[in-house]
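Asks:
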Amino acid sequence: MPAPTLERPEGDSPIDTAALQEHFDATIAADHRVEPRDWMPEGYRRTLIRQIAQHAHSEIIGMQPEGDWLLAAPSLRRKAILLAKVQDEAGHGMYLYSAAETLGADRADLTDKLIERKQKYSSIFNYPTLTYADVGVIGWLVDGAAICNQVPLCRSSYGPYARAMIRICKEESFHQRQGYELLMTMMRGTPAQRAMVQDAVDRWWWPSLMMFGPPDADSPNSAQSMAWGIKRHSNDELRQRFVDMSVPQAEFLGVTLPDPELRLDPETGRYHFGAIDWDEFKQVLAGNGPVSAERIARRRAARDDNAWVTEAATAYAAKHSAGERAA
Amino acid sequence: MAHEETVYDALDHAHGGEGHWAFGTGFDEPLAGVDTTVPDGVDPTDLGTYCLMLGDDALVLAQRLTQWVTNAPELEEEVAVANVALDLLGQARLLLARAGSVGVLGRSRALATASIPDEDALAYFRDPDEFRSTALVAAPNGDFAQTTVRLLVAATVRLAVLDRLRGSRDPVLAAIAAKGVHELAYHRDHAARWVLRLGDGTAESHRRAQAGAEAVWPLLADVFTATDVETRLAAAGVAVDPAEVREEVRAVLTEVLTRATLRVPAWPDDAAPAGRLGHHDAELTELLAELQGLARQHPAATW
Numbered sequence: 010m011p012a013p014t015l016e017r018p019e020g021d022s023p024i025d026t027a028a029l030q031e032h033f034d035a036t037i038a039a040d041h042r043v044e045p046r047d048w049m050p051e052g053y054r055r056t057l058i059r060q061i062a063q064h065a066h067s068e069i070i071g072m073q074p075e076g077d078w079l080l081a082a083p084s085l086r087r088k089a090i091l092l093a094k095v096q097d098e099a100g101h102g103m104y105l106y107s108a109a110e111t112l113g114a115d116r117a118d119l120t121d122k123l124i125e126r127k128q129k130y131s132s133i134f135n136y137p138t139l140t141y142a143d144v145g146v147i148g149w150l151v152d153g154a155a156i157c158n159q160v161p162l163c164r165s166s167y168g169p170y171a172r173a174m175i176r177i178c179k180e181e182s183f184h185q186r187q188g189y190e191l192l193m194t195m196m197r198g199t200p201a202q203r204a205m206v207q208d209a210v211d212r213w214w215w216p217s218l219m220m221f222g223p224p225d226a227d228s229p230n231s232a233q234s235m236a237w238g239i240k241r242h243s244n245d246e247l248r249q250r251f252v253d254m255s256v257p258q259a260e261f262l263g264v265t266l267p268d269p270e271l272r273l274d275p276e277t278g279r280y281h282f283g284a285i286d287w288d289e290f291k292q293v294l295a296g297n298g299p300v301s302a303e304r305i306a307r308r309r310a311a312r313d314d315n316a317w318v319t320e321a322a323t324a325y326a327a328k329h330s331a332g333e334r335a336a
Numbered sequence: 066m067a068h069e070e071t072v073y074d075a076l077d078h079a080h081g082g083e084g085h086w087a088f089g090t091g092f093d094e095p096l097a098g099v100d101t102t103v104p105d106g107v108d109p110t111d112l113g114t115y116c117l118m119l120g121d122d123a124l125v126l127a128q129r130l131t132q133w134v135t136n137a138p139e140l141e142e143e144v145a146v147a148n149v150a151l152d153l154l155g156q157a158r159l160l161l162a163r164a165g166s167v168g169v170l171g172r173s174r175a176l177a178t179a180s181i182p183d184e185d186a187l188a189y190f191r192d193p194d195e196f197r198s199t200a201l202v203a204a205p206n207g208d209f210a211q212t213t214v215r216l217l218v219a220a221t222v223r224l225a226v227l228d229r230l231r232g233s234r235d236p237v238l239a240a241i242a243a244k245g246v247h248e249l250a251y252h253r254d255h256a257a258r259w260v261l262r263l264g265d266g267t268a269e270s271h272r273r274a275q276a277g278a279e280a281v282w283p284l285l286a287d288v289f290t291a292t293d294v295e296t297r298l299a300a301a302g303v304a305v306d307p308a309e310v311r312e313e314v315r316a317v318l319t320e321v322l323t324r325a326t327l328r329v330p331a332w333p334d335d336a337a338p339a340g341r342l343g344h345h346d347a348e349l350t351e352l353l354a355e356l357q358g359l360a361r362q363h364p365a366a367t368w
């Protein structure tokens, strides 16, 4: 059943709003999609804009850690793979900002909020990439964690977000396989290459687990997001799914995960893992990660140093559309 | 739910799935399935050297453009600049592999481990004096205006050369050119559109675009001068004498700059080939140090 098309809810009478809310609730309950022109509660809209913008920011900031190896990639094939991947991330950022714009947000304004640190991005990108193995581990673990988080979002109640996620997840899953394939190649290589892989796993494992967000008990917005169908599984549930998926992959690869408590629980068939350092997570999320300042500084420079380019494009478009009208 | 399962399944099975790439495939074995026989009467060393000239230009310009990735003015431009760099990197891989296939490897094979493919031996284990790229592609980017003007100039020259190279007697070069002209037509168009916006945008963008043109134009000095290798191969119907494309290039650049309300700088006098013979500025040495550093640090490694 299609929802009524109404763009401006503010002026509605309380009775109308109640009816619209009822219709919205029925759409969510039936697991149907909410579309841009449908009425939606302001809280739903705000929550979605925040979540989609954070996701878009993560894609764009996430270009940097791997981008740092583009110029030094150790073979032309690896350079091409990495360049295509970083390009995909820019594309993901664009789809997501577009999805946020269907909710009334503006890309330039969201970018300003990122640079002014009024909106967050995934904490994982505030860690540095020290060796080329980091490129592989980001593909395997970071993209792997992102996929666990994002695959359920393909069924998000908001249509444009769900559709963007379908394409993004397909590309992410390919990136993950490329990362794992790099690590397999390095593990078959020299002792120095194997040591690089183990070192990278040691550094990225715990930050990857933090990507699922705080434990359910400390995640205040989660319950409402799940009720709205914006979110489909709890943080802890997805984290557990990621651990269960990654441990056998680590064994196959031949690396040790840096958690002495990690063991299979024979009763549940799931892996028990050690305590996560949530203080570190809070610090990094608050912008105090090892390279947080550099990440934002580069984004700021790309905006500010090139502002004249955008101004020129705008001026040119204005001149020429005016000329066409006159002609 | 069905979709969710499908995506998870895909992670555990390393089957094909090349279609998942948003932009381009074909990262493996550049010359797979191609007949690499050298045409009659052609010196393989000449042919390989010519492939290095064209391949090094593409590799070096791809590296320069990649320096913009994560620093570009707009997200659309991040995608575009990476796309152009990827196309050029693909051309470089084919051309370096072609050079290797006819035995032109310079000193690289003495340094690179046997399991490294020829394209990587050539890209990573040659010294700067063995590179045959021109100064036009090696010069630093400058600002976005200068980068854009350089891309316009380099793509215009390369498109004119590859357009003629489609008729080369070497079937590999002809095939590389046939694929490359479509890519280069897009690169030239993309750069030309930006030159128009910048030249005819604001006073500042006009000033910067003009300064970019003034900085790039002198780099054309040795672009139209043939080396002995090119002269011999052009006579054999394999290569293009670069002097042949001079007028076409000048006409295209004049048209774009004029429409962009920019002044066409004075054309430099023809100079003896420098880069094509391995004579380079420190800029190329620095660029190669970054490109090659990691690979050379682990000469026994494969990636």
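Order-wise, the sequence lines are chains L and R. Each residue of the first sequence is one higher than the one before, starting from 10 at the first, in the working numbering. Each residue of the second sequence is one higher than the one before, starting from 66 at the first, in the working numbering. Virtual Cβ for every residue (Gly too), placed ideally from N, Cα, C.
At which residue ranges does the segment 186-225 of chain R contain complete alpha helix (DSSP H) runs of 4 or more residues, listed in the order of the chain?
Replies: For the segment 186-225 of chain R, whole alpha helix (DSSP H) runs of length 4 or above, ordered along the chain, are 200-203.
Asks: Please check the pair Arg231(R) and Ala239(R), which I expect to be a contact at CB under 8 Å, by giving their CB distance rounded to whole angstroms.
Replies: With 8 Å as the limit, Arg231(R) and Ala239(R) qualify as a contact, their Cβ atoms being about 6 Å apart.
Asks: Quick check: what's the CA-CA separation for Arg341(R) versus Ala308(R)?
Replies: The alpha-carbon atoms of Arg341(R) and Ala308(R) are separated by roughly 14 Å.
Asks: Note down, in chain order, each residue of its chain lying with its Cβ closer than 8 Å to the Cβ of Met205(L), except the 5 sequence neighbours on either side.
Replies: Same-chain partners within the cutoff: Thr140, Tyr141, Ala142 and Met195.
Asks: Counting C-beta neighbours from all protein chains within 10 Å, is the total for Trp86(R) 16 or more, i.e. buried, or is it exposed?
Replies: The pLDDT assigned to Trp86(R) is 37, lower than 50, so where the model puts this residue is not dependable, and the model offers no usable value.
Asks: Just reading off the beta strand (DSSP E) that Tyr280(L) is part of, what are its end residues?
Replies: First-last of the beta strand (DSSP E) with Tyr280(L): Arg279 to His281.
Asks: Can you grab the Cα-Cα spacing for the pair Gly263(L) / Trp215(L), in whole Å?
Replies: Each residue's Cα considered, the two are about 18 Å apart.
Asks: Does chain L have any CB closer than 9 Å to the CB of Phe88(R)?
Replies: Below a pLDDT of 50, predicted positions are generally treated as unreliable, and Phe88(R), at 36, falls in that range; the measurement from the model is reported next regardless. Chain L contact via Cβ: present.
Asks: Taking contact to mean 3 or more Cβ pairs, one atom from each stretch, closer than 8 Å, check whether the segment 254-262 of chain R and the segment 162-169 of chain R are in contact.
Replies: Not touching, per the Cβ criterion.
Asks: Between Tyr189(R) and chain L, is there a C-beta pair that is closer than 9 Å?
Replies: At least one chain L Cβ lies under 9 Å of Tyr189(R).
Asks: What is the rounded straight-line gap between the Cα of Ala82(L) and the Cα of Gln362(R)?
Replies: Going by the C-alpha atoms only, they are around 12 Å apart.
Asks: Does the beta carbon of Ala75(R) come closer than 9 Å to any beta carbon on chain L?
Replies: Bear in mind that the predicted position of Ala75(R) carries a pLDDT of just 38, short of 50, making it unreliable; the figure below should be weighed with that in mind. So yes, Ala75(R) belongs to the interface.
Asks: Under 6 Å Cβ to Cβ from Ala327(L), same chain only, skipping five residues before and after it: list those, please.
Replies: No residues qualify anywhere along the chain.
Asks: The alpha helix (DSSP H) with Arg272(L) in it runs from where to where?
Replies: Per DSSP, Arg272(L) belongs to no alpha helix (DSSP H); it is in the beta strand (DSSP E), Arg272 to Asp274.
Asks: Starting from the beta carbon of Thr212(R), find every residue of chain L whose beta carbon is closer than 7 Å, and list them in chain order.
Replies: Per Cβ cutoff of 7 Å: no residues; Thr212(R) is ~10 Å from chain L at best.
Asks: Report buried or exposed for Asn315(L), applying the criterion of at least 16 other Cβ atoms within 10 angstroms of its Cβ.
Replies: Asn315(L) comes out buried.
Asks: Which of the residues in the segment 112-142 of chain R, read from start to end, lie with their CB under 9 Å from any CB of chain L?
Replies: Flagged, chain order: Leu124, Ala127, Gln128, Thr131, Gln132, Val134, Thr135, Asn136, Ala137, Pro138, Glu139, Leu140, Glu141 and Glu142.
Asks: Roughly how many angstroms separate the alpha carbons of Leu162(L) and Leu322(R), rounded to a whole number?
Replies: Going from the Cα of Leu162(L) to the Cα of Leu322(R) covers about 48 Å.
Asks: Output, in chain order, the set of chain L residues within a Cβ distance shorter than 8 Å of Glu355(R).
Replies: By Cβ distance, chain L contributes Leu80 and Ala81.
Asks: Would Phe196(R) count as contacting chain L if we go by Cβ distances under 9 Å?
Replies: Chain L contact via Cβ: absent.
Asks: For Asp286(L), write down the residues that DSSP places opposite it in a beta bridge.
Replies: Per DSSP, none; premise fails for Asp286(L).
Asks: Could you tell me which of Val160(L), Tyr189(L) and Arg212(L) sits nearest to Lys179(L), measuring between CA atoms?
Replies: Here the closest residue by C-alpha is Val160(L).
Asks: Would you identify the three-state DSSP class for Asp183(R), choosing helix, strand or coil?
Replies: In the structure shown, Asp183(R) sits in a helix (DSSP, three-state: H, G or I).
Asks: Looking at the C-beta of Asp265(R), does it have a partner C-beta in chain L at a distance below 9 Å?
Replies: Yes, because at least one Cβ of chain L sits closer than 9 Å to the Cβ of Asp265(R).
Asks: Skipping 5 residues on each side, what residues in its chain have a beta carbon closer than 7 Å to that of Ala421(L)?
Replies: Because chain L spans 10 through 336 in this model, residue 421(L) falls outside it and cannot be assessed.
Asks: List the residues of chain A whose Cβ lies closer than 9 Å to the Cβ of Val210(L), in chain order.
Replies: Among the protein chains of the structure shown, namely L and R, there is no chain A.
Asks: Under the assumption that Trp317(L) contacts Ser270(R) (Cβ atoms under 8 Å), give the Cβ distance between them as a whole number of angstroms.
Replies: About 6 Å separates the two Cβ atoms, so the contact holds.
Asks: Determine, for Ser28(R), whether the minimum Cβ-Cβ distance to residues of chain L falls below 9 Å.
Replies: Residue 28(R) lies beyond the stretch modelled for chain R, which goes from 66 to 368, so this question has no answer here.
Asks: Would you kindly work out how many angstroms separate the C-alpha atoms of Phe282(L) and Arg272(L), rounded to a whole number?
Replies: Approximately 7 Å between the Cα atoms of the pair.
Asks: For Thr277(L), count neighbouring Cβ atoms within 10 angstroms of its own Cβ and tell me buried if that reaches 16, exposed if not.
Replies: With fewer than 16 other Cβ atoms within 10 Å, it is exposed.
Asks: Count Cβ pairs between the segment 213-227 of chain L and the segment 245-255 of chain L that sit closer than 8 Å; are there 3 or more?
Replies: Cβ pair count under 8 Å is three or more, so yes.
Asks: Checking contacts by CB at 9 Å: is Asn148(R) closer than that to chain L?
Replies: Chain L, which has a Cβ nearer than 9 Å to the Cβ of Asn148(R), makes this yes.
Asks: Would you say Pro10(R) reaches chain L, if we count a Cβ-Cβ gap shorter than 9 Å as a contact?
Replies: Summary: the structure shown does not reach residue 10(R), with chain R confined to residues 66 through 368, and so no result is reported for it.
Asks: According to DSSP, what are the bridge partners of Val43(L)?
Replies: Val43(L) is bridged to Tyr167(L).
Asks: Which residues, in order along the segment 266-279 of chain R, keep a beta-carbon less than 9 Å from a beta-carbon of chain L?
Replies: Listed by position, the residues of the segment 266-279 of chain R near chain L (Cβ gap below 9 Å) are Gly266, Thr267, Glu269, Ser270, His271, Arg273 and Ala274.
Asks: When burial is assigned at 16 or more other CB atoms within 10 Å of the CB, is Thr90(R) buried or exposed?
Replies: In this predicted model, Thr90(R) has a pLDDT of only 42, less than 50, meaning its place in the structure is not dependable; the value taken from the coordinates is given anyway. The residue in question, Thr90(R), is exposed, as its Cβ has fewer than 16 Cβ neighbours within 10 Å.
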